[in-house]
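Asks: So the sequence lines, in the order shown, correspond to chains A and B.
No gaps in the numbering here: position 24 of the first sequence is 24 in the working numbering, and each next residue is one more.
No gaps in the numbering here: position 278 of the second sequence is 278 in the working numbering, and each next residue is one more.
Positions of the beta carbon are idealized from the N, C-alpha and C atoms, including for glycine.
None of the values given here were measured: they were computed from a predicted structure.
One structure follows; several queries about it will come next.
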Amino acid sequence: MIRDYQAPLAAKEEVSPGIWHLTLECPPIAREARPGNFVLIKVSGGTAPLLRRPLGVLEADAERGTFDVLFRVVGEGTELLSETASGQTLSVRGPVGGQFGPFRHKEVWAVAGTLGVVPLLFLRQSLGAFGRMFLGVGSAEWRPFTEWVASRAPEMELFSDDGSIGKKGFAIDGLKGQSLAEVSLAVCGPNPMMKALYGQYGTLCDDIQVSLERRMGCGMGGCFGCVVDTETGRRRVCIDGPVFQAREVKWDELHL
Amino acid sequence: MSSISDIVGGVDLKVPVVIASGTWPYEEGMWQEDLTRHVGAICSKAITRRPWPGNPGTRVWETPSGILNSIGLQNEGIDHFMDVRLDQLRKHGLPVMLNVSMENAEDLDYMMARISERAGDVDGIELNVSCPNTDRGCMSWGVDPELTAQATDQVRRKWDGPLWVKLTPQAPDIPAVARGAESAGASAVVAANTWLGMAIDTKRGMPVFSRRVAGLSGPAVFPLALRVVWDVAGAVKIPVIGCGGVSSSDNALAMIMAGASAVEVGAALFSGFDRLEEIHAGLEASVRQWGVESLAELRGRARTDNP
Chain A
1 MIRDYQAPLA
11 AKEEVSPGIW
21 HLTLECPPIA
31 REARPGNFVL
41 IKVSGGTAPL
51 LRRPLGVLEA
61 DAERGTFDVL
71 FRVVGEGTEL
81 LSETASGQTL
91 SVRGPVGGQF
101 GPFRHKEVWA
111 VAGTLGVVPL
121 LFLRQSLGAF
131 GRMFLGVGSA
141 EWRPFTEWVA
151 SRAPEMELFS
161 DDGSIGKKGF
171 AIDGLKGQSL
181 AEVSLAVCGP
191 NPMMKALYGQ
201 YGTLCDDIQV
211 SLERRMGCGM
221 GGCFGCVVDT
231 ETGRRRVCID
241 GPVFQAREVK
251 WDELHL
Chain B
1 MSSISDIVGG
11 VDLKVPVVIA
21 SGTWPYEEGM
31 WQEDLTRHVG
41 AICSKAITRR
51 PWPGNPGTRV
61 WETPSGILNS
71 IGLQNEGIDH
81 FMDVRLDQLR
91 KHGLPVMLNV
101 SMENAEDLDY
111 MMARISERAG
121 DVDGIELNVS
131 CPNTDRGCMS
141 WGVDPELTAQ
151 ATDQVRRKWD
161 GPLWVKLTPQ
171 APDIPAVARG
181 AESAGASAVV
191 AANTWLGMAI
201 DTKRGMPVFS
211 RRVAGLSGPA
221 VFPLALRVVW
231 DVAGAVKIPV
241 IGCGGVSSSD
251 NALAMIMAGA
261 SAVEVGAALF
271 SGFDRLEEIH
281 AGLEASVRQW
291 GVESLAELRG
301 RARTDNP
């Protein structure tokens, strides 16, 4: 059930310049969170910024009563969040949204664009490992981040836009020439990446589960600020998603 | 009766705090007692004659201490609401205000006919003549006193229960619109809906919203809303429900001291559900601190025009 919880920051680590890994103490979310779920964190005590920042859950440990998030500093809100000191308490709303799975096939592959890897790593915990896993980043500047991912998912195959690290190309290039008939895909990354993936592989793979991203207001299903066009109408990314079957999404309508 | 409970515009509010339309989901988990014990009523999302998809493109945009929205009344329509949602929401035991929005008089007639079929199960109507996010209807009624009176009258002919009329701050003469609603039989007015604003995405060099304009709410608009409450409370005898940027018990008390009988909260809940408990507890505390019997005694306390 979605509620706001006061969660002490148990640990923080900058895994790569501007990319932070936080561990928060929050037994209810640690217990309830499932791969694909996210939380919304209030980044300041006052009214500015007013809105919470949605972040995918990286992992949850019901026994320790903690869960983890990973985020990149991209603006004022995430900047403030990165300045939170260990021991400080954050207001966390969650867990929100549906989850990845069930999958049609036993073989599950992951396709991630940069920070989109977060919910996929959580999913990986419950699967043991992915059959294949493709991660795309911009360039070698992302090296510490990619090493951090590799330490958690040794099967990860790396691509970079400029070829300065891993293979040159995009994460979805990992699917080129592969037989996908008996494979389920779990995908999370920028919306244009997911749109391109569906455009190229939508007819070759019958189970493509994508986690979408939208600007959000309430993060609890109330405001309908985060809807996407789907085959069954405009649906909320926050609680009807964020994971959708790629074929349900009207990609041409998706505001990228 | 507690020190803060009151009957406002015909609706029995155990707490004079109402969740504003368009901000709360119908999902069961959000209607549990741990949250709802701090509110007196919940307004439905805007309901229209037919299912409505709302606006395409970006719908929300954060501003300093505020939020612009251009949702555009996405909803399942009156038939689905009356056939499915009403019973689902009623069972939680909290008054539900049906926020009704129309393009034209025919729409309103149809919706009132549907509502009248189950008049005994409807706690109240919040007539929405104020949403700024549609191309037709809605706010075009609420900017005009005559049209607002006409719409209010049209509802009144079919409905003798609680009828709140939600005003728009875009009206050139808001007190006149409030008087129009009052003269046609409104039980209360809600002051007010969102303020028209806009945003430009400078990275793309174009307006953020497909309709260009959007409605601003959140703490940023509180002083604007307070002034509207003051003006409206001085213009009508029916209760005024203050709405706009209320995010603390101090805000709520200021609205009451300006002449409001209750407040609505919306965007503040995006920020934190704890706002509900703080406002509830803070209003009870203010009754004690002022040494009065009830919150009603503090209503209009700040008015210089008070006898």
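Taking only beta-carbon positions, decide if Ser44 of chain B is within less than 7 angstroms of chain A.
Replies: Chain A contact via Cβ: absent.
Asks: Of all the residues that make up the segment 22-33 of chain B, which are near chain A by a beta-carbon distance shorter than 7 angstroms?
Replies: Those residues of the segment 22-33 of chain B that come within reach of chain A (Cβ to Cβ, closer than 7 angstroms) are Gly22, Thr23, Trp24, Pro25, Glu27, Gly29, Met30.
Asks: State the Cα-Cα distance for the pair Asp160 of chain B and Gly124 of chain B, rounded to the nearest angstrom.
Replies: Distance between the alpha carbons of Asp160 of chain B and Gly124 of chain B is about 10 angstroms.
Asks: Quick one: is Gly221 of chain A near chain B, going by C-beta distance under 7 angstroms?
Replies: So yes, Gly221 of chain A belongs to the interface.
Asks: Output needed for Glu126 of chain B: all residues of its chain with C-beta closer than 6 angstroms, excluding positions within five of it in sequence on either side, in chain order.
Replies: Excluding sequence neighbours, Glu126 of chain B sits near Cys43, Met97, Asn99, Trp164, Lys166.
Asks: Going straight from the alpha carbon of Thr114 of chain A to that of Thr168 of chain B, what length do you get?
Replies: Whole-angstrom Cα-Cα distance: 44 angstroms.
Asks: Give the residues of chain B in contact with Phe224 of chain A, contact being defined as C-beta atoms less than 8 angstroms apart.
Replies: Ordered by position in chain B, the residues that pass the 8 angstroms Cβ test against Phe224 of chain A are Gly22, Lys45, Gly54, Arg59, Ile71, Gln74.
Asks: Check the Cβ-Cβ distances between Glu62 of chain B and every residue of chain D, and say whether any is below 7 angstroms.
Replies: Of the protein chains in this structure, namely A and B, none is chain D.
Asks: So is Ala281 of chain B buried or exposed if we call it buried at 16+ other beta carbons inside 10 Å?
Replies: Exposed, by the Cβ-count rule.
Asks: Is Ala48 of chain A close to chain B, meaning its C-beta is less than 7 angstroms from at least one C-beta of that chain?
Replies: By this cut-off, Ala48 of chain A is an interface position.
Asks: Closest to Thr36 of chain B by C-alpha separation, out of B:Arg275, B:Thr304, B:Phe222, would be which residue?
Replies: It is B:Arg275 whose Cα lies nearest to the Cα of Thr36 of chain B.
Asks: Would you mind working out which of A:Trp142, A:Trp148, A:Leu185 sits nearest Ile165 of chain A, comparing C-alpha positions?
Replies: Answer by Cα proximity: A:Trp142.
Asks: Hey, does Met194 of chain A have any beta-carbon neighbour from chain B nearer than 7 angstroms?
Replies: Output row for Met194 of chain A: interface = no.
Asks: Determine the chain B residues that contact Ser91 of chain A at a beta-carbon separation under 7 angstroms, and present them in chain order.
Replies: Per Cβ cutoff of 7 angstroms: Gly272.
Asks: Take the Cβ of Gln32 of chain B as the centre, count every other Cβ of all protein chains shown within 10 Å, and call the residue buried at 16 or more, exposed below.
Replies: Exposed, because fewer than 16 other Cβ atoms sit within 10 Å of the Cβ of Gln32 of chain B.
Asks: Out of B:Asn133, B:Lys203, B:Ala188, which has the shortest C-alpha to C-alpha gap to Gln170 of chain B?
Replies: Ranking the options by Cα distance to Gln170 of chain B, first place goes to B:Asn133.
Asks: Thinking just about the alpha-carbon of each residue, which of B:Ala254, B:Met111, B:Gly272 is nearest to the one in Glu76 of chain B?
Replies: Measuring from the Cα of Glu76 of chain B, the nearest candidate turns out to be B:Met111.
Asks: Using the C-alpha atoms, what's the distance from Gly300 of chain B back to Arg288 of chain B?
Replies: Cα to Cα, the separation comes out at about 17 angstroms.
Asks: For the beta strand (DSSP E) that contains Arg212 of chain B, what are its first and last residues?
Replies: Segment: none, Arg212 of chain B is in no beta strand (DSSP E) and carries neither H nor E.
Asks: So for Ser44 of chain A, helix, strand or coil by DSSP?
Replies: Coil.
Asks: Can you give me, in chain order, the residues of the segment 205-219 of chain A that have a beta carbon less than 8 angstroms from any beta carbon in chain B?
Replies: Per Cβ criterion, the list reads Arg215, Met216, Gly217, Cys218, Gly219.
Asks: Distance check for Glu106 of chain B and Glu59 of chain A, CA to CA, integer angstroms please.
Replies: Between Glu59 of chain A and Glu106 of chain B, the C-alpha separation is close to 53 angstroms.
Asks: What's the call for Ser139 of chain A, buried or exposed, on a 16-neighbour Cβ count within 10 Å?
Replies: It is exposed - the Cβ of Ser139 of chain A has fewer than 16 other Cβ atoms within 10 Å.
Asks: Residues of chain B with CB closer than 8 angstroms to the CB of His255 of chain A, please, in chain order.
Replies: Per Cβ cutoff of 8 angstroms: Pro56, Gly57, Thr58.
Asks: Short of 9 angstroms Cβ to Cβ, which residues in the segment 264-291 of chain B face chain A?
Replies: Residues Gly266, Ala267, Ala268, Leu269, Phe270, Ser271, Gly272, Phe273, Asp274.
Asks: Going by C-alpha to C-alpha distance, which of A:Cys223, A:Val187, A:Gly222 sits closest to Glu213 of chain A?
Replies: The residue with the shortest Cα to Cα distance from Glu213 of chain A is A:Val187.
Asks: For Pro95 of chain A and Phe244 of chain A, what's the separation of their Cα atoms in angstroms?
Replies: Using only the alpha carbons, I get a separation of about 17 angstroms.
Asks: Taking any Cβ of chain B, which residues in the segment 32-45 of chain A have a Cβ under 7 angstroms from it, in chain order?
Replies: So the close ones are Lys42.
Asks: Here's the rule I'm using: 16 or more other beta-carbon atoms within 10 Å means buried, otherwise exposed. How should Leu253 of chain B be labelled?
Replies: Its Cβ being crowded by 16 or more others within 10 Å, Leu253 of chain B is buried.
Asks: Could you tell me the distance, in whole angstroms, from the CA atom of Ala110 of chain A to the CA atom of Leu120 of chain A?
Replies: Cα-Cα distance, rounded: 7 angstroms.
Asks: What is the residue span of the beta strand (DSSP E) that Trp31 of chain B lies within?
Replies: Looking at the DSSP string, Trp31 of chain B is not in any beta strand (DSSP E), and its letter there is neither H nor E.
Asks: Assuming the contact rule is C-beta atoms closer than 8 angstroms, Val43 of chain A and Gly77 of chain A should be a hit. Round their C-beta distance to whole Å, please.
Replies: Their Cβ separation, rounded to whole angstroms, is 5 angstroms, which keeps Val43 of chain A and Gly77 of chain A in contact under 8 angstroms.
Asks: In chain A, what lies closer than 8 angstroms to Gly218 of chain B by C-beta?
Replies: Going along chain A in sequence order, the residues near Gly218 of chain B (Cβ under 8 angstroms) are Thr47, Leu50.
Asks: If contacts are defined as beta-carbon pairs under 8 angstroms, then Glu107 of chain A and Gly128 of chain A qualify, I think. What distance do you get, rounded to the angstrom?
Replies: With a Cβ gap of about 12 angstroms, Glu107 of chain A and Gly128 of chain A do not count as contacting.
Asks: Below 8 angstroms on the Cβ atoms is my guess for Cys274 of chain A versus Thr23 of chain B; work out the distance and round it to an integer in Å.
Replies: Nothing about residue 274 of chain A can be read from this structure; chain A reaches only from 1 to 256.
Asks: Please state whether the Cβ-Cβ distance between Arg215 of chain A and Val60 of chain B is less than 7 angstroms.
Replies: Contact flag set, yes.
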